[in-house]
Amino acid sequence: MSNITRDDLKLLSQWDTPTICNGLELISPDSRSAGFTTQNMICSDPKLPPIVGFARTATIRSRRPSTLSVDAEKTLNRVYYAHIAETPQPTITIIQDLDSPAGFGAWWGEVHTTIHKAFGCLGTVTNGSIRDLNECASGFQMLAGSVGPSHAHVHTVEVGCEVGIFSMTVRPGDIIHADQHGAVVVPIGSVKKLPQAIDLIMRREKTVLDAARSSDFDVDKLMNTIALTSKI
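Quick note on this note's numbering: the sequence shown kicks off at 57 and runs consecutively.
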């Protein structure tokens with residue numbers, strides 16, 4: 057069990073997801089090439105602040121009915137909701153739609169957002185579709201691959217598994233940071249290092265921005281300023 061607290065996660069929510077990605081790049085240069093979504097996503101409410109939470113994961117399909125018996129499907133649904141309600145919290149539910157193309161039927165709408173919010177979930181990241189945009193639970197953020205009108209035959213396939221959302225691989229318990237730009241996995245070992253890393257990046261960026269806004273800005277000043285940032 058990690059020693060990450062709610063306060064640690066809340067602290068990270070003051071920065072947008074691109075800033076978190078910048079900080080991770082400073083901590084671990086390898087993060088430039090993996091761990092974040094890489095396709096344009098639909099954001100249900102761009103005005104909401106970033107969400108940060110522990111991942112709860114599942115896969116779904118919707119083009120055809122589930123092949124499970126009624127009792128087996130009921131059991132799987134209970135396993136799913138128990139997974140969503142687990143501690144630690146807050147959580148973000150990461151749903152991979154296995155259909156190709158994804159999004160035939162929506163897992164997310166008024167009912168599911170309300171249920172998940174009641175279980176301590178802040179939002180979702182999915183390659184699938186969403187619906188009921190005007191009726192979904194207030195403050196529940198959704199990043200999705202598409203918007204659609206029907207839930208079709210949507211059903212759970214697997215719970216608590218590794219999932220992939222637009223190049224971002226997520227495992228249960230991973231820490232996710234997400235906003236209107238997309239989502240990124242924050243390694244547990246980087247959570248407490250990020251505030252200091254972001255502070256350094258912002259001070260470096262401010263030096264360049266101040267120079268760019270000056271009346272005597274030119275190429276020479278830019279190159280000199282960039283050289284100075286390495287000493288900060």
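We treat Cβ as the ideally placed atom computed from N, Cα and C, and that holds for glycine. As the structure is a computational prediction, the values presented were derived from the model and not from experiment.
DSSP puts residue i in a beta bridge; with which residues?
{"i": "Glu214", "result": "Thr115"}
{"i": "Ser271", "result": "According to DSSP, Ser271 bridges with nothing at all."}
{"i": "Ser177", "result": "Before going further, note that residue 177 is Cys rather than Ser in the sequence given. Note: Cys177 sits in a beta bridge opposite Thr147."}
Using 8 angstroms for Cβ pairs, my map puts residue i next to residue j. What's the rounded Cβ distance?
{"i": "Val219", "j": "Val210", "result": "Their Cβ separation, rounded to whole angstroms, is 16 angstroms, which puts Val219 and Val210 out of contact at 8 angstroms."}
{"i": "Ile116", "j": "Trp163", "result": "5 angstroms"}
{"i": "Ile282", "j": "Gly79", "result": "Contact flag wrong, Cβ pair sits at about 19 angstroms."}
{"i": "Leu199", "j": "Ala174", "result": "The Cβ separation is near 20 angstroms, so there is no contact."}
{"i": "Gly204", "j": "Gly159", "result": "6 angstroms"}
{"i": "Thr147", "j": "Cys177", "result": "5 angstroms"}
Pick helix, strand or coil for residue i, following the three-state DSSP scheme.
{"i": "Met57", "result": "Because Met57 carries a pLDDT of 48, less than 50, the predicted location of this residue cannot be relied on, and no value is offered for it."}
{"i": "Gln236", "result": "coil"}
{"i": "Cys192", "result": "coil"}
{"i": "Val247", "result": "coil"}
{"i": "Ile254", "result": "helix"}
{"i": "Ile76", "result": "helix"}
{"i": "Ala208", "result": "coil"}
{"i": "Ile221", "result": "strand"}
{"i": "Ser286", "result": "coil"}
{"i": "Ser89", "result": "helix"}
Which same chain residues, not among the five before or five after residue i, have their C-beta less than 8 angstroms away from its C-beta?
{"i": "Glu214", "result": "Ala114 and Thr115"}
{"i": "Ile288", "result": "Leu256, Arg259, Arg260 and Thr263"}
{"i": "Leu154", "result": "Thr115, Ile116, Arg117 and Val213"}
Taking 6 angstroms as the limit between beta carbons, can you name the residues of its chain near residue i, skipping five residues before and five after?
{"i": "Asp230", "result": "Ala111 and Val241"}
Just to confirm my understanding: we take residue i, look at its own chain, exclude 5 residues before and 5 after, and list those with CB closer than 7 angstroms. What are they?
{"i": "Gln236", "result": "Cys99 and Pro102"}
Handout entry: Any alpha helix (DSSP H) of 4 or more consecutive residues that is wholly inside the segment 92–173
Key = 126–141
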